[in-house]
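In what follows, a single structure is set out as structure tokens and then discussed.
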Amino acid sequence: MKTMRQTKNLANGWQFHYGNLPTPNKLVRKAHSLGGMTSALPNEGKRLPVSTSGEYFLKLIAQGDVQQGLQNLAGTDLSTQLDGDWEPVSIPHDWKKDLPYVQNPALLMSGSKENGTAYYRLAFELTSDPDTERITLHFDGVMGLSDVWLNGTYLGHNNSGYTAFDFDITEMANYDAEGPNILLVRVDTTAGAEGWWYEGAGLYRKVWLEKLPAVHLNADDAYIYTQTLNGQNADLGIELSVTNERSQPVSSTPKVQFNNQTITFESQSIQPGETAHFKTTSHQTDVTPWTPENPHNIQATFIAGDDQVTKHFGIHTFAYTTAGFFLNGKPYVLKGVCEHQDFAGVGVALDQDIINYKVKLLKEMGVNALRSSHHFAAPELLNACDQYGILVIDENRILESTPWRLADLKKMVRRQRMHSSIAFWSLGNEELIGSTELGGRILKRLARLIKQYDHEHLTVSAELLNPEGKIDENYLENVDILGVNYPEADVMGDGALKIHANFPQQPIMSTESGSYFQTRGIYRDNAEQCQANSFGSDYSMVMPGKRKPGEPGVGGTARPEKVIQFAQQHPEFGGVFLWTAFDYNGEPSPFGWPGISSQFGILDLCGFPKDYYYYFQAHWTDKPMIHVMPHWNREGLEIAADGTVAVRIFSNAPTVELFINGVSQGQQQVKDCQMNWQVTYQPGELRAVALEHDQVVAETIEQTADSAVKVVVSVRYHGQQDTLYALQAVDQNDVPVPTSDQFVTLHADGAILGWGNGNPADISVHHADELQLFNGKALIIAPKETTLMATLSK
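If you count the sequence shown from 1, position 519 lands on 519 in UniProt numbering, and the numbers rise without skipping.
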């Protein structure tokens, strides 16, 4: 079936200018007459279509000079030109990632980069289409306060960088011989931030056009949800709406198709300019429920006349009781992570390929849940979680009930509610007004709004804890689940357990845990280089300088072992959401400058696993595995006065055995997926084997390496648009060199989108042909058509 709905991605052809320019006016004296950068320049076409009568009038008031008449009457800017400071860019784009790092304590938490103002400008053409009635311009996300102009007129403003927004441009667009359409976007990050972490700046998510027929579906109203699920039988609710933009009434009989079925709604007559809403139910048999282990997505096509909208959904139910979380009626342990949205080399401008790469790494670790911290999830993230199977806590940015925040929440709930992966809506995170009367009123308003538009998912609020466990009883009534952050942490005392004891009927969830410091490949603290010992840092989350073991916050808010132990002892808390999956820019605790990124990640900014990735993998996966730490080069190891060094093994096997240069150091029965040795250091080979019934089921080897002589380039992920390459320094025997910090020269036959190395104190700007390895590794992101080689720099 042909559909008149069409979309066009506006990814290419943009011009970008960083820095202040004279801000175009927002009010005009005559329609479409702003001129300047908001309209076509002399080499692009007509600035303003002026009628014959209009030209006559302008000549009358300006002695025959039409241009002077425009300036006199409308104040049209006729002098602005694009200068050499404009550069071509593609979307998504984060302009802040290319700025230099600055040593400013006020910017440390947000990534040590200055705020600023920038402009994006695009010229695009449209062809008139008799079947198209409406054209909408969509922005999936612009980081910073944004203002938008089109063809000499001001379209509007958007506040939040985490909310999609759109404009109907049907009448104001130019078609065919009328000339190009000129789109101008001003982005300003100087007027405040939404988050305390690195947020990036600019058009960092997709910008696109949508053409709709005169009688069309409203995509956000197209909705299928599970009402009941009993074994392989399910009852579904189905909703949609149809708008009539014609000048006469129409009769609409919409339908939806999925699983080789067609469900037809009762016909309705729709008056001109009106919208009709349709609802029905459907009983389904022999269904396959969606789970993280079997993410069965169903394609549904909504049809109304010549229009259709295609979405995917999963059949599932969610419940949360005082016993914990239930998926499809069965107890289910959440093995979750929290995640900010930036990545090495691209800032916050992640496309679908980069997000798929990140999500696949989490699945390999055994993750089955993700909390989008602390904002609405990107469409690409939800797509990946739908596909690969990860449950999502989709988080509202902030606990506010201002009109524009409520409008944002309504928009995002309606737009995202049908994603298979969403299980929870979080209403806020660690708000200072949480558990107050003011906070309670706002929480109630937000929860009511969500329930009005979402009939399937649960609500939770991630709250600050206090050691006394004090919380307002009335506050708890506003959400399905009370979320608590760091219930296992010593610095929080027994606050979570006291709440649970005082309110035994209140479902309670652990929404954030861990915050453990570790630097990939580092096995002793180095405050000067902002490096944290992966065995456990002596630096504290809450106290300055090196501390003694057992002092508050040493090594992070809570060690991974304590997180797992608490979750096992208290299943009523549902599981865990580790802070965080990946390192992220900003929040360089426990260090200051030149630290520019966090070290809480289980993987670094490039997606290279740190050692404790394998601790969680041992707990959360069944395939036999084993990992040994540290590397086996004397440089970088913490060797005791007696010549011994700590060795730690993570495995899910019953027994492990350690060898040094072929000599057994003994077997150990596995407890908590972790075993520890103190052995005499000898260069050579460190080998660990996992045993089950005296058979080797997994093994791993660390070898002492000589100096690096070359760099091996391998494909780490090959996507639809991008290829992610891993660089690894090796010695003359091709043994990886885990301590190499040498510089590498890149040789590429095409563009390079970005690179990173995972160094939390690398303050170089990542867009050169030469880069520095960190502990032997780096990551390159390039378009898939680019071929890459690398050599050690001389």
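From the three backbone atoms N, C-alpha and C, an ideal C-beta is built for every residue, glycine too.
Keep in mind it's a predicted model, so treat the numbers as computed, not measured.
Between the segment 250 to 268 and the segment 285 to 303, can you find at least three pairs of beta-carbon atoms closer than 8 angstroms? The segment 285 to 303, when compared against the segment 250 to 268, does touch it at the 8 angstroms Cβ threshold.
Check your understanding: Straight-line CA distance for Lys8 to Ser461?
Key -> Distance between Lys8 and Ser461, taken at the CA atoms: about 37 angstroms.
Q) What number of angstroms, rounded off, separates the C-alpha of Gly434 from the C-alpha of Gly428? A) If I take the Cα positions, the gap works out to 9 angstroms.
message = Please report the straight-line C-alpha distance between His312 and Asn533, rounded to a whole angstrom.
response = Answer to the nearest angstrom: the Cα atoms are 44 angstroms apart.
Report task. Would you give the residue range spanned by the beta strand (DSSP E) that Arg687 belongs to? Result -> Run containing Arg687: Glu685 to Glu692, per the beta strand (DSSP E) assignment.
### Task
Report the rounded CA-to-CA distance for Gln669 versus Pro654, giving the unit in angstroms.
Inter-residue distance for Gln669 and Pro654 is about 6 angstroms (C-alpha atoms, whole angstroms).
Within the chosen definition, does the segment 158 to 171 reach the segment 134 to 146 through at least 3 CB pairs nearer than 8 angstroms? Output reads yes: the segment 134 to 146 touches the segment 158 to 171.
*Per DSSP, which one or two residues make a beta bridge with Pro736?*
Paired residue(s): Val730.
Notebook entry, point to check: Out of Pro544, Pro571 and Val563, which has the shortest C-alpha to C-alpha gap to Ser589?
Noted result: Taking only the C-alpha atoms, the option nearest Ser589 is Pro544.
*Are there 16 or more other CB atoms within 10 angstroms of the CB of His455, so buried, or fewer, so exposed?*
Label assigned to His455: exposed.
Between residue 796 and Val563, what straight-line distance do the alpha-carbon atoms span, to the nearest angstrom? Residue 796 lies beyond the range of the chain shown here (1 to 794); nothing can be said about it.
Q.
Can you look up Trp404 in the DSSP assignment and give me helix, strand or coil?
A. Under the three-state reduction of DSSP output, Trp404 falls in the helix class.
- Where Tyr725 and Ala201 are concerned, what is the direct C-alpha to C-alpha distance, given to the nearest angstrom? Rounded to whole angstroms, Tyr725 and Ala201 show a C-alpha spacing of 26 angstroms.
Cutoff 8 angstroms: Ser513 Cβ touching any chain D Cβ:
Of the protein chains in the structure, only one exists, and it is not chain D.
Between Trp290, Leu60 and Leu209, which lies nearest to Gln6 when the distance is taken from Cα to Cα? The closest CA to that of Gln6, considering only Trp290, Leu60 and Leu209, is found on Leu209.
Residues that Cys338 bridges to, as DSSP identifies them = The partner list for Cys338 (beta bridge, DSSP) reads Arg371.
Pick from Trp755, Gly750, Val765 and Pro760: whose alpha carbon is nearest that of Glu785?
-> Each of Trp755, Gly750, Val765 and Pro760 was checked against the Cα of Glu785, and the nearest Cα belongs to Gly750.
**Asked** If you run the structure through DSSP and keep just helix, strand and coil, what is Tyr486?
**Response** It is coil, neither helix nor strand.
Per DSSP, the bridge partner or partners of Pro331 | DSSP, once it has assigned bridges, lists Phe326 as partnering Pro331.
Output needed for Tyr615: all residues of its chain with C-beta closer than 7 angstroms, excluding positions within five of it in sequence on either side, in chain order.
Excluding the 5 residues flanking it on each side, Tyr615 has same chain C-beta neighbours closer than 7 angstroms at Pro560, Phe650, Cys673 and Gln674, in chain order.
| field | Burial state of Trp95 (16 or more Cβ within 10 Å) | value | It is buried - the Cβ of Trp95 has at least 16 other Cβ atoms within 10 Å.
Between Ile238, Thr511 and Ser247, which has its C-alpha nearest Ile315's C-alpha?
For Ile315, the closest alpha carbon among the candidates Ile238, Thr511 and Ser247 is that of Ile238.
### Message
Restricting to Cα atoms, I'd like to know which of Lys470, His627 and Ala349 is closest to Thr700.
### Response
Minimum Cα distance to Thr700 is reached at His627.
Coarse secondary structure for Asp480, derived from DSSP in three states
Collapsing the DSSP output to three states places Asp480 in coil.
Residues that DSSP places opposite Asp168 in a beta bridge: Per DSSP, Thr136.
- Item | Terminal residues of the alpha helix (DSSP H) in which Gly69 lies | In the DSSP annotation of this structure, the continuous segment of the alpha helix (DSSP H) that includes Gly69 starts and ends at Val66 to Ala74.
field: Range covered by the alpha helix (DSSP H) that runs through Leu446
entry: Leu446 -> alpha helix (DSSP H) spans Glu437 to Tyr453.
For this session: Using 10 angstroms around the beta-carbon of Met1, count the other beta-carbons present and answer buried if the total reaches 16, otherwise exposed.
Result: Residue confidence is low: Met1 scores 45 on pLDDT, short of 50, so the model does not pin down where it sits. No coordinate-derived value is stated.
- Report the three-state DSSP secondary structure of Ile781 (helix, strand or coil). Ile781 falls in the strand class under three-state DSSP.
Legend entry - Whole-angstrom distance between Tyr475 and Thr519, CA atom to CA atom: Rounded to the nearest angstrom, the gap between the Cα atoms of Thr519 and Tyr475 is 39 angstroms.
contact_flag[the segment 225 to 239, the segment 110 to 123] where n(CB pairs < 8 angstroms) is 3 or more: No contact exists between the segment 225 to 239 and the segment 110 to 123.
Could you give the distance in angstroms between the alpha-carbon of Ile660 and the alpha-carbon of Arg687?
-> Computed Cα separation, rounded: 6 angstroms.
Chain-order list of residues whose beta-carbon lies under 8 angstroms from that of Glu44 (same chain, five-residue window excluded)
These residues qualify, in order along the chain: Ala123, Gly179, Pro180 and Ile182.
Item checked: Anticipated Cβ contact below 8 angstroms, Gly469 with Asp494, distance rounded -> Yes, they are in contact, since the Cβ atoms of Gly469 and Asp494 sit about 7 angstroms apart, within 8 angstroms.
Classification of Arg634 by the beta-carbon crowding that lies within 10 angstroms, buried from 16 upward = Counting the other Cβ atoms within 10 Å of the Cβ of Arg634 gives fewer than 16, which makes it exposed.
request  = Starting from the Cα of residue 796, find the closest Cα among Asp394, Glu488 and Asn775 and give me that residue.
outcome  = Any question about residue 796 goes unanswered here, given that the chain covers just 1 to 794.
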